[in-house]
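A.B. asks: In our numbering, the protein residues as written are 196 to 384. Idealized CB from N, CA, C, for every residue including glycine.
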Amino acid sequence: MTNTQVTGCILAGGRGLRMGGADKGLISWQGKPLAQHMLERLAPQVGKTIIVANRNLDRYQAFGVRVVSDQQSGYLGPIAGLATALALCETPYLVSVPCDTPNFPTDLVSTLLAGLESDEADVAVTFDGEQRQFLFALYRQELADSAESALAAGERAVWRWHEKLKLTEVPFPNTQSAFANFNSQNDVG
Numbered sequence: 196m197t198n199t200q201v202t203g204c205i206l207a208g209g210r211g212l213r214m215g216g217a218d219k220g221l222i223s224w225q226g227k228p229l230a231q232h233m234l235e236r237l238a239p240q241v242g243k244t245i246i247v248a249n250r251n252l253d254r255y256q257a258f259g260v261r262v263v264s265d266q267q268s269g270y271l272g273p274i275a276g277l278a279t280a281l282a283l284c285e286t287p288y289l290v291s292v293p294c295d296t297p298n299f300p301t302d303l304v305s306t307l308l309a310g311l312e313s314d315e316a317d318v319a320v321t322f323d324g325e326q327r328q329f330l331f332a333l334y335r336q337e338l339a340d341s342a343e344s345a346l347a348a349g350e351r352a353v354w355r356w357h358e359k360l361k362l363t364e365v366p367f368p369n370t371q372s373a374f375a376n377f378n379s380q381n382d383v384g
């Protein structure tokens with residue numbers, strides 16, 4: 196399996212409530228927006244990359260990748276971004292990452308893909324040794340209808356949607372800090 200068969204999706208469509216309403220993907224960290232850090236880490240691992248954002252689209256478009264908004268309005272959570280990305284995905288697989296976790300592993304996609312294929316699963320979810328990281332996941336593209344149905348049924352929690360799928364948990368031992376995200380201005384430094 197090659198990375199050209201995987202589309203990367205950066206989920207940047209939230210309201211940023213824990214950041215005082217700031218657009219988290221555009222918050223500067225080490226001189227660059229968080230979403231740019233995510234893109235630089237994700238792009239070498241995938242064939243295509245899209246950003247799902249619901250505001251400041253022109254600023255995200257400056258990163259030079261496809262930018263889309265949730266197909267359903269109202270900030271319905273990451274599952275809305277996933278449903279949108281899966282519906283637009285033109286490759287057999289989609290990997291999702293949040294916009295605020297810039298130190299994720301550089302072998303994320305290859306490791307998730309190996310786990311998904313070996314277990315013949317629908318979705319491969321990252322396990323950091325302590326907990327599942329539900330937004331770091333690899334999906335088969337044919338889950339687009341399932342994501343849309345879950346969203347239409349009122350589901351907002353990605354993990355509850357995952358419970359209805361054939362899921363494999365892929366361990367990334369001793370990597371808790373790699374999956375640490377920014378939830379406040381203090382985290383950004």
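Given D265, which residues of its chain have a CB within under 7 Å of its CB, disregarding the five upstream and five downstream residues?
C.D. replies: Along the sequence shown, one-based indexing puts residue 265 at 70. G208, V247, N249, L271, A275, G276, T279, listed in sequence order.
A.B. asks: Thinking C-beta only, is F322 closer than 8 Å to F258?
C.D. replies: Numbered from its first residue, the sequence shown carries residue 258 at position 63. Numbered from its first residue, the sequence shown carries residue 322 at position 127. For F258 and F322, no; Cβs fall outside 8 Å.
A.B. asks: Have a look at W354, V304, N376 and flag the residue whose alpha-carbon is nearest the alpha-carbon of P239.
C.D. replies: Here residue 239 corresponds to residue number 44 of the sequence shown, with the count starting at 1. With distances taken between Cα atoms, P239 lies closest to V304.
A.B. asks: R254 to P228, Cα distance in whole Å?
C.D. replies: For the purposes of this step, residue 254 is taken as the residue at position 59 of the sequence shown. For the purposes of this step, residue 228 is taken as the residue at position 33 of the sequence shown. R254 and P228: Cα-Cα distance of roughly 10 Å.
A.B. asks: With distance defined between alpha-carbon atoms, name the residue in T286, T202, A375, K243 nearest to F329.
C.D. replies: Residue mapping note: residue 329 aligns to position 134 of the sequence shown, counting from 1. Considering only alpha carbons, the answer is A375.
A.B. asks: Does DSSP classify G203 as helix, strand or coil?
C.D. replies: Locating residue 203 in the sequence shown gives position 8, counting from the first residue. DSSP places G203 in strand when its eight states are reduced to three.
A.B. asks: Using a Cβ-Cβ cut-off of 8 Å (strictly less than) and excluding sequence neighbours within five positions of L234, which residues of its own chain qualify?
C.D. replies: Taking the sequence shown and counting its residues from 1, the one referred to as residue 234 is at position 39. For L234, where only same-chain residues beyond five positions count, the Cβ hits under 8 Å are I205, T244, I246, F258, V260.
A.B. asks: Compare the Cα-Cα distances from F299 to each of T199, H232, L221 and report the closest residue.
C.D. replies: As a position in the sequence shown, residue 299 is number 104, starting the count at 1. Nearest C-alpha to F299: H232.
A.B. asks: Give me whichever residues DSSP pairs with V318 in a beta bridge.
C.D. replies: To locate residue 318, count along the sequence shown from 1; it is residue 123. According to DSSP, which records beta bridges pairwise, V318 is partnered with Y334, L362.
A.B. asks: Based on DSSP bridge pairs, tell me the residues matched to P293.
C.D. replies: To locate residue 293, count along the sequence shown from 1; it is residue 98. Answer is L206.
A.B. asks: What does DSSP give as the partner residue(s) for A436 in the beta ladder?
C.D. replies: Residue 436 is absent from the model: the chain starts at 196 and stops at 384.
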